[in-house]
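Trainee:
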Amino acid sequence: MSLSNILGIDIGGSGIKGAIVDSESGQLVTERVKIKTPQPSTPEAVAIVVQQLIDEIGYDGELIGCGFPAVIKNGVAYSAANIHPAWKGTNIEELLSEKTGRRFIVTNDADAAGLSEMRFGKGKGVNGNVILITIGTGLGSALFTDGHLVRNTEFGHANLHGMIAEHYVSNTARKKYKMSWKTFGRRFNEYLIMIERITSPDLIILGGGVSNS
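In our numbering, the protein residues as written are 96 to 308.
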């Protein structure tokens, strides 16, 4: 396998996904594999699923990149909004490396998606303020200024109408309140107006599972 082919894993509140990616081109080398996030999603339970994912994909490399739904500093989770609270304070890089025998580099999941967009996608070559919003179990955000990432912005936890924003508009909120897509769209537009006021973006990129719906 080429040295540029790296396994990328996304740990989410509802699913754990992975595929081997050519880090030079950003293209998938294998089909994406998805396994449901175990419930409860404790560190030990998730680590078992991560190993299952590695085995199913058949990855034999040492390095694995991983996006995780939390504020991440030096591999440690400082929050746990859409995952089991036991993750808070856990060194994810050390845990997953120990459990799988591979070397993990872990960052916030939206930041990881944003870095990909800025290198290979809609953000490539765009200066000024660029923000990626991911819409899934919660709301993720990745903010770039002149191509530089501002880590762990977590605008999904900003206040919107007296609520945490992702409790007001996300896929979880849509299902909880049985929203029509029209209502969801109106609420999401209110969220984007707030984001525009905070960041004055030159480009907004939308991603995540709901963005395809």
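Backbone N, C-alpha and C define an ideal beta-carbon position, used for all residues, glycine too.
If you check the beta carbons only, do Phe239 and Gly218 fall under 9 Å apart?
Mentor: Contact: yes.
Trainee: For Val124, list the residues DSSP reports as bridge partners.
Mentor: DSSP lists no partner for Val124.
Trainee: Give the C-beta separation of Pro164 and Ile106 to the nearest angstrom, bearing in mind that I take them to be a contact with Cβ-Cβ under 8 Å.
Mentor: Contact flag correct, Cβ pair sits at about 7 Å.
Trainee: Out of Leu102, Arg269, Ser136, Gly242, state which residue places its alpha-carbon closest to the alpha-carbon of Ala176.
Mentor: The shortest Cα separation from Ala176 among Leu102, Arg269, Ser136, Gly242 belongs to Ser136.
Trainee: If you draw a straight line from the alpha carbon of Val124 to that of Arg281, how long is it in whole angstroms?
Mentor: Cα to Cα, the separation comes out at about 38 Å.
Trainee: Could you compute how far the alpha carbon of Asn222 sits from the alpha carbon of Val245?
Mentor: Going from the Cα of Asn222 to the Cα of Val245 covers about 14 Å.
Trainee: Within this structure, are the beta carbons of Leu191 and Cys161 separated by less than 9 Å?
Mentor: Yes, the pair counts as a contact, with Cβ atoms nearer than the cut-off.
Trainee: Measure the alpha-carbon distance for Val225 versus Gly302 and round it to whole angstroms.
Mentor: About 13 Å.
Trainee: What do you reckon, are the CB atoms on Thr232 and Ser265 nearer than 9 Å?
Mentor: Yes, they are a contact pair.
Trainee: Of the choices Pro296, Val141, Phe250, whose alpha-carbon is the least far from that of Ala181?
Mentor: Looking at the Cα atoms, Val141 is the closest of the given residues.
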